[in-house]
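Engineer:
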């Protein structure tokens, strides 16, 4: 090997060791000063010493490097155990540099100066081998530890859920076995199907039966970042019904996937949208013996009734559905579509025509009626409305963290046939539920329900998950009513709208821990008795199991002390509720920090120590607070699936930390946090909190490389026994093939957004992971049984049904999610077992 090449290799080794050492020493001093680990400081000093020894041509540099590798392996095992990804982050750079130091280009260049012997080359080759042996052995030790960690999963819980222990004589929901009539299949929100054709034994044979593209993809002018295809279709008869992000309603043949009709509500433009989505439609079947209504309800849109309705509402240029599209006089059955401009439209399932016998001849309800602070797009129902035999119950989302002058989060019930207001529950005026009078308005800026509600018509209650009053991170001015109902699940009387009970999941919420998911209603056998239960997932990882008649906990709930020390003028709750069934992760420590290399791991450790963090419920601060679990949620709108026969839940916990920093406001006009992301046209200035003393800067807790600062796994599937509160099994889920710079299918466990589906066949399905797959799992033990590649992100909840050919179909929507950055799509895909020959 030419001496010039040998010298170049040695110079590279000197430079790399010195550079790495300087970076680690500087960062290590910073971290140690913050009270963190001294490892990086010491390692940096050793690497600088090694660089100096290499420059002096000292073979002892290799011995010292070997000691550094051994010490690093011991330190990594002490901090992370046999957990591959944390081990890799701690040792990858040192391992690769060690391999480079072992190359002949480096070792043969380490010739002591001044030695003059005829056999110098033979002598030095032997010396180089002897000096390299300890380093080779230390790298071999690292490799053995790494290989051992490949066969160990310290995050895994092995076990089994109970077998069927509550045989159901019939489907209590009243939905035919092969159909899907509501977002969660029925008003109980179980996301469970009684179909049994697909089993753990045959699910691997699933194949695409048909494929449909809607033509509706995000990227149009006026679209907010969070333009998403999150819908779960309905299946009624042999038809599928669903809505698209830009609000079209589509009916397909459930067996062939062919389009039958499409309806465009022609929503008005220039909307102040934070989200543009439609999670689903609602269905009301034809009533036996019901006749077409007569009188003013069936009158044309220019009737006195329509004129009166319009007079009670600010004129914001909303279209009138019965005038803007095809309409018929009477609809025996109805589909209800909430629109982004603040309406609910009634459609005929047969033809897609607007129902003129609804809404005083308009075919719609105007949700802006009696609302304060009218700002088109700043309020609408992103989730399907609740349908009962006689009522349509509507909540809606308000702009989050934009201002203190938003519209109301009122919950309203309308007559299912006419659209007339029956009652309204305003959390700012909770005892007065009679229909609001002319000229009155609901309470501004009150907690809203943007997620999906559930209903038990036999008990006569609707169960509403409530969010927070904006702004989320500042609550000094909240009223007693807000303090009672914010971040709660509230049971309202179906007949009157009066509160039957309320259970608060977070006291004085300052973390955007609004209740995000539909409650699941299920009957449990506890202590030998049947309990009508409600299971409520939360962003912070609790699964509250409550008696849905009284709101009392079925599984124990305790109050735990939480960090104190609020920003000046703010207050904090001294304790927060914790359920016996909890997916709350352990608090993060420096040992939990991660990165692609030891350098970004060091940067994440410094960031962790620079933020305020004392565990869950650390209050917001101007310093910057680490929020973990973050407001993305351990559980979000996809919720969970529950099996009424096993009395168990299939869950998809996600773990991502976020950073929340309060930014003092000097006025109500300046944009303090938008930076280069200033809103276009009518889109709102998010997180500015106009009217509050602070704006808020929110971000994911990531390194400079864009990787989460916390070590994987970030996402799991897990099964829980709802009668005991025990997590039976828990497995990391999903790969980074679609979210890493290199498309490698490392099974690290990735976040999920979109709910699961359980079936009586013993198979669960999930499509919402950040990699583009739909997967099937054995409900008993969580084992993955099958997967199929999707053309885009599958951030929606799948459903299942029986087609006319007798086969059980699995239906998946793949449209991506704007704020998650998953690939956009417009795909509806049906899978089934092969037809019998």
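In our numbering, the protein residues as written are 14 to 850. Even for Gly, the Cβ is constructed at its ideal location relative to N, Cα and C.
Using DSSP with H/G/I as helix, E/B as strand and the rest coil, what is residue 660?
Structural biologist: Taking the first residue of the chain shown as 1, we reach residue 660 at position 647. Three-state result, residue 660: coil.
Engineer: Under a three-way DSSP split, which group does residue 516 fall into?
Structural biologist: Indexing the chain shown from 1 puts residue 516 at position 503. In this structure, residue 516 counts as strand in the three-state DSSP scheme.
Engineer: Could you spell out where the alpha helix (DSSP H) holding residue 771 opens and where it closes?
Structural biologist: Within the chain shown, numbered from 1, the residue matching residue 771 stands at position 758. Here residue 771 belongs to no alpha helix (DSSP H); instead the beta strand (DSSP E) covers 770-772.
Engineer: Are residue 673 and residue 709 closer than 8 Å when you measure CB to CB?
Structural biologist: Sequence index remark: in the chain shown, residue 673 carries index 660 (1-based). Sequence index remark: in the chain shown, residue 709 carries index 696 (1-based). A distance below 8 Å separates the beta carbons of residue 673 and residue 709.
Engineer: Please identify the residue among 332, 246 and 614 whose C-alpha is closest to the C-alpha of residue 348.
Structural biologist: As a position in the chain shown, residue 348 is number 335, starting the count at 1. Checking every option, the nearest Cα to that of residue 348 belongs to 246.
Engineer: Going by DSSP, what residues sit across from residue 728 in a beta bridge?
Structural biologist: For the purposes of this step, residue 728 is taken as the residue at position 715 of the chain shown. In DSSP, residue 728 forms a bridge with 667.
Engineer: Considering only residues of the same chain and omitting the five flanking positions on each side of residue 571, which have a CB-CB separation below 6 Å?
Structural biologist: Position 558 of the chain shown, counting from 1, holds the residue named residue 571. If we look at residue 571 and ignore the five residues flanking it on each side, its Cβ neighbours are 591.
Engineer: If we count the other Cβ atoms within 10 Å of its Cβ and call it buried at 16 or more, is residue 843 buried or exposed?
Structural biologist: In the chain shown, residue 843 corresponds to position 830, counting from 1. Buried: at least 16 other Cβ atoms inside 10 Å.
Engineer: With three or more beta-carbon pairs closer than 8 Å as the criterion, would you say the segment 607-627 touches the segment 44-55?
Structural biologist: yes
Engineer: Report the option in 502, 757 and 236 whose CA atom is closest to the CA atom of residue 283.
Structural biologist: Position 270 of the chain shown holds residue 283. Per the Cα distances, 236.
Engineer: Can you give me the C-alpha to C-alpha distance between residue 614 and residue 512, rounded to a whole angstrom?
Structural biologist: By 1-based counting over the chain shown, the position of residue 614 is 601. By 1-based counting over the chain shown, the position of residue 512 is 499. Their Cα atoms are separated by approximately 50 Å.
Engineer: With a Cβ-Cβ cutoff of 8 Å, do residue 275 and residue 258 count as a contact?
Structural biologist: One-based indexing of the chain shown puts residue 275 at position 262. One-based indexing of the chain shown puts residue 258 at position 245. For residue 275 and residue 258, no; Cβs fall outside 8 Å.
Engineer: Give me the Cα-Cα distance between residue 810 and residue 779, rounded to the nearest whole angstrom.
Structural biologist: Within the chain shown, numbered from 1, the residue matching residue 810 stands at position 797. Within the chain shown, numbered from 1, the residue matching residue 779 stands at position 766. Their Cα atoms are separated by approximately 7 Å.
Engineer: My guess is that residue 662 and residue 735 are in contact by the Cβ rule of under 8 Å, so how many angstroms apart are they, rounded?
Structural biologist: Stepping through the chain shown from its first residue, residue 662 is reached at position 649. Stepping through the chain shown from its first residue, residue 735 is reached at position 722. At roughly 6 Å, the Cβ-Cβ gap stays under 8 Å, so residue 662 and residue 735 are in contact.
Engineer: Give me the DSSP bridge partner(s) of residue 350.
Structural biologist: For the purposes of this step, residue 350 is taken as the residue at position 337 of the chain shown. 358, per the DSSP bridge assignment.
Engineer: Use the C-beta contact count for residue 830: other C-beta atoms within 10 angstroms, 16 or more gives buried, fewer gives exposed.
Structural biologist: Taking the first residue of the chain shown as 1, we reach residue 830 at position 817. So residue 830 ends up on the buried side.
Engineer: Is it right to say residue 156 is buried, meaning 16 or more other beta carbons lie within 10 angstroms of its own, or is it exposed?
Structural biologist: Residue mapping note: residue 156 aligns to position 143 of the chain shown, counting from 1. By the neighbour-count rule (16 or more Cβ atoms within 10 Å), residue 156 is not buried but exposed.
Engineer: Quick one: what's residue 8 bridged to in DSSP?
Structural biologist: Summary: the structure shown does not reach residue 8, with the chain confined to residues 14 through 850, and so no result is reported for it.
Engineer: Run through DSSP, which three-state label would residue 214 get?
Structural biologist: Here the question's residue 214 lines up with position 201 in the chain shown. Coil.
Engineer: On a Cα-Cα basis, can you pick out the residue from 139, 244, 20 and 143 that is closest to residue 768?
Structural biologist: Position 755 of the chain shown holds residue 768. Among 139, 244, 20 and 143, the Cα nearest to that of residue 768 belongs to 244.
Engineer: Under the assumption that residue 111 contacts residue 82 (Cβ atoms under 8 Å), give the Cβ distance between them as a whole number of angstroms.
Structural biologist: For the purposes of this step, residue 111 is identified with residue 98 of the chain shown, where counting begins at 1. For the purposes of this step, residue 82 is identified with residue 69 of the chain shown, where counting begins at 1. Confirmed, Cβ separation roughly 6 Å.
Engineer: Within a Cβ cutoff of 6 Å, which residues of the same chain sit near residue 848, ignoring the five residues on either side of it in sequence?
Structural biologist: By 1-based counting over the chain shown, the position of residue 848 is 835. Cβ neighbours of residue 848 beyond the five flanking positions: none.
Engineer: Please state whether the Cβ-Cβ distance between residue 833 and residue 757 is less than 8 Å.
Structural biologist: Here residue 833 is taken as the residue at index 820 of the chain shown, counted from 1. Here residue 757 is taken as the residue at index 744 of the chain shown, counted from 1. No.
Engineer: Identify the continuous alpha helix (DSSP H) that holds residue 103 and give its terminal residues.
Structural biologist: Mapped onto the chain shown, residue 103 falls at position 90. That run of the alpha helix (DSSP H) goes 97-114.
Engineer: Rounded to whole angstroms, what is the Cα-Cα separation between residue 786 and residue 57?
Structural biologist: Against the chain shown, residue 786 aligns to sequence position 773. Against the chain shown, residue 57 aligns to sequence position 44. Those two C-alpha atoms are separated by around 43 Å.
Engineer: Name the one or two DSSP bridge partners that residue 543 has.
Structural biologist: Sequence index remark: in the chain shown, residue 543 carries index 530 (1-based). Answer is 538.
Engineer: Residue 198 to residue 186, Cα distance in whole Å?
Structural biologist: Taking the chain shown and counting its residues from 1, the one referred to as residue 198 is at position 185. Taking the chain shown and counting its residues from 1, the one referred to as residue 186 is at position 173. Rounded to the nearest angstrom, the two C-alpha atoms are 9 Å apart.
Engineer: According to the Cβ coordinates, are residue 772 and residue 396 closer than 8 Å?
Structural biologist: Position 759 of the chain shown, counted from the start, is the residue given in the question as residue 772. Position 383 of the chain shown, counted from the start, is the residue given in the question as residue 396. Between residue 772 and residue 396, the gap from beta carbon to beta carbon reaches 8 Å or more.
Engineer: Let's test the definition: count the other Cβ atoms within 10 Å of the Cβ of residue 150 and tell me whether it reaches 16, buried, or not, exposed.
Structural biologist: On the chain shown, residue 150 is found 137 positions in, with the first residue counted as 1. With fewer than 16 other Cβ atoms within 10 Å, it is exposed.
Engineer: CB-CB under 8 Å to residue 595, same chain, minus the five flanking residues each way: which ones, in chain order?
Structural biologist: Counting from one through the chain shown, the residue named residue 595 turns up at place 582. Cβ within range, chain order: 554, 555 and 556.
Engineer: In this structure, how does DSSP classify residue 797 when only helix, strand and coil are distinguished?
Structural biologist: Locating residue 797 in the chain shown gives position 784, counting from the first residue. It is a strand residue.
Engineer: Count the other CB atoms within 10 Å of the CB of residue 69; is the residue buried (16 or more) or exposed (fewer)?
Structural biologist: In the chain shown, counting from the first residue as 1, residue 69 sits at position 56. Flag for residue 69 reads exposed.
Engineer: When DSSP builds the beta bridges, which residues end up paired with residue 830?
Structural biologist: Taking the chain shown and counting its residues from 1, one reaches residue 830 at position 817. DSSP lists 241 as partners of residue 830.
Engineer: Pull up the CB-CB distance for residue 500 and residue 202, whole angstroms please, since I reckon it's below 8 Å.
Structural biologist: Residue numbering aside, residue 500 sits at position 487 when the chain shown is read from its first letter. Residue numbering aside, residue 202 sits at position 189 when the chain shown is read from its first letter. In this structure, residue 500 and residue 202 do not form a Cβ contact; the two beta carbons are roughly 19 Å apart against a cut-off of 8 Å.
Engineer: List in chain order: all unbroken beta strand (DSSP E) runs of 3+ residues lying wholly within the segment 672-711.
Structural biologist: none
Engineer: Measure the CB-CB distance between residue 296 and residue 194 and report whether it falls below 8 Å.
Structural biologist: The residue labelled residue 296 in the question sits at position 283 within the chain shown. The residue labelled residue 194 in the question sits at position 181 within the chain shown. In this structure, residue 194 lies closer than 8 Å to residue 296 by Cβ.
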